[in-house]
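Note that the numbering used here has the sequence shown beginning at 2, numbered continuously upward. Here's the structure, in structure tokens; my notes come after.
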Amino acid sequence: MEKTNLCRWFMGCNSQNGFYSLFGQFARPEEGWHCILIKGGPGTGKSTLMKRVVRLAQRRGQPVEAIHCSSDAASLDGVILPRMKTVLLDATPPHALEPQYPGAVEQPFSLCECWNEEMLSAQREEIVRLGEEIGGLHRQTVRYLTGAGALLGEARQLEAETIDTEKLKQYVRRLAARELPPQEKGGHETLRLLSAVTDRGTILFHETISTLCSRVFCLEDPYGAVAAELLRQLRDEAMERGYHVISCPCPLSPEKLDHLLIPERGLGFITSNALHPAPLAGQAIHASRFTNRTLTKERRVRLRFLQKTAATLQQQAEGAITEAHRRHNQLERYYIKATDFAAVDQRTAKLLEKLEAQMA
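Here it is in structure tokens:
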């Protein structure tokens, strides 16, 4: 299978409001999804298992979505197999999940039986200490992001007060009329995180955009108010016209949209600014065309201060996540030493065999 059949996302991240999670959206029996809830400790093989599922799906020609961990961007927290309506999720904190309809909707898959409890118990003090330190660093991350979010929220409000709302509304209507011919079916929305603040800095999955969208509109908006309102209106227009949309909330302030993808039309609308650059080839939409430039100019000093200070806080948040990841690596060592990986491989092989049979 071509690599382009793989999409990458986040489903949870630290935000200004704490940990923001989309993991629970799969626990909906009425939609027919089957969830494999993976339990285990740090470093015991959960991410490795899911990476093997991704490779299996690619070999078998299955579309696949890899869900990355925002605290450790190289690791996976989940895998979505949309054609099979099957999802594998790391069901441990901070996105802990328990089966509501075990066997019928969710299937627990535990690697806990593969560790040596006595070895872990002997390192109890160190494990608890590291766990508490990691938790403290994530709380520190949220405090920095709360500050950054408040400052950027003020900047958005200052820009919002300068928007020519009628001009923006008419532009969205013309854009929808040109790009989104009405369909005789109902539209629906999927939520995904296309970006997040991670241990490797702020990441935007450009390859996912390229996979799903042959045409990209880059919303050049340094403050975010125009882009958020344009995307909100365009999302509503697309759904009214019968399209499936992938709405991507802002990882810092999830109440607003940062990106909108419409795969049926190969269209992507991506917000780009100093904190969240999106260096993509595509048609640029400049926020300034919808604002009162005189008012914006009068507020420029305040806006730049808010941006600069928010950027400093976001950098501090990235540093705290990076340190949390370093401590997490130390914690993993205790679990790696105590884990029987032959047993993990055996359980993993059985699950892969079962999934492959369902792909036939």
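For every residue, glycine included, the Cβ atom is placed at its ideal position computed from N, Cα and C.
Here's a check: name, in chain order, each residue in its chain whose Cβ is nearer than 6 angstroms to the Cβ of residue i, leaving out the five neighbours to either side.
| i | result |
| --- | --- |
| CYS251 | LYS257, ASP259 |
| LEU152 | LEU307, THR310, ALA311 |
| LEU314 | TYR145, GLY148, ALA149 |
| CYS115 | THR340, ASP341, ALA344, VAL345 |
| THR87 | HIS35 |
| GLY42 | TYR336 |
List the DSSP bridge partners of residue i.
| i | result |
| --- | --- |
| GLY13 | SER22 |
| GLY44 | Per DSSP, none; premise fails for GLY44. |
| VAL246 | GLU190 |
| LEU220 | THR272, ILE286 |
| ARG200 | Correcting the residue type first, residue 200 is Asp in the shown sequence and not Arg. Paired residues: GLY202. |
| ALA67 | ARG9, VAL80 |
| ILE37 | LEU89, GLN108 |
| THR163 | In the DSSP output, where bridge partners are listed per residue, THR163 has none listed. |
| HIS260 | CYS249, ILE271 |
Within 10 Å of its beta-carbon, does residue i have 16 or more other beta-carbons around it, so buried, or fewer, so exposed?
| i | result |
| --- | --- |
| LYS47 | buried |
| LYS4 | With a pLDDT of only 43 at LYS4, under 50, the local geometry of the prediction cannot be trusted, and no value is derived from it. |
| CYS249 | buried |
| TYR102 | exposed |
| ALA285 | exposed |
| THR166 | exposed |
| ALA275 | exposed |
| GLN63 | buried |
| MET12 | buried |
| CYS113 | exposed |
| ALA226 | buried |
| ALA97 | exposed |
| LEU50 | buried |
| LEU181 | buried |
| SER111 | exposed |
| ASN15 | buried |
Check each candidate in the options and name the one with the smallest Cα separation from residue i.
| i | options | result |
| --- | --- | --- |
| LEU105 | ALA149, GLU31, ARG216 | Before going further, note that residue 105 is Ala rather than Leu in the sequence given. Checking every option, the nearest Cα to that of ALA105 belongs to GLU31. |
| GLN234 | LYS170, MET12, PRO182, GLY137 | LYS170 |
| ASP78 | MET85, GLU134, THR93 | THR93 |
| ARG100 | PHE27, GLU127, GLU155 | Reading the sequence as shown, one finds Pro at residue 100 and not Arg. The option with the nearest alpha carbon to PRO100 is PHE27. |
| VAL302 | ALA123, PRO95, ARG140, GLU160 | GLU160 |
| LEU353 | ARG56, SER22, GLY33 | ARG56 |
| GLU230 | THR163, VAL198, GLU107, GLU185 | THR163 |
Report all residues from its chain with a CB closer than 8 angstroms to the CB of residue i; omit the five preceding and five following residues, and keep chain order.
| i | result |
| --- | --- |
| LYS338 | MET120 |
| GLN359 | MET85, THR87 |
In its own chain, which residues sit with a C-beta less than 7 angstroms from the C-beta of residue i, not counting the 5 before and 5 after it?
| i | result |
| --- | --- |
| GLU155 | LEU307 |
| GLN317 | TYR145 |
| field | 4-residue-minimum alpha helix (DSSP H) runs that sit fully inside the stretch 94 to 159, ordered along the chain | value | 118 to 123
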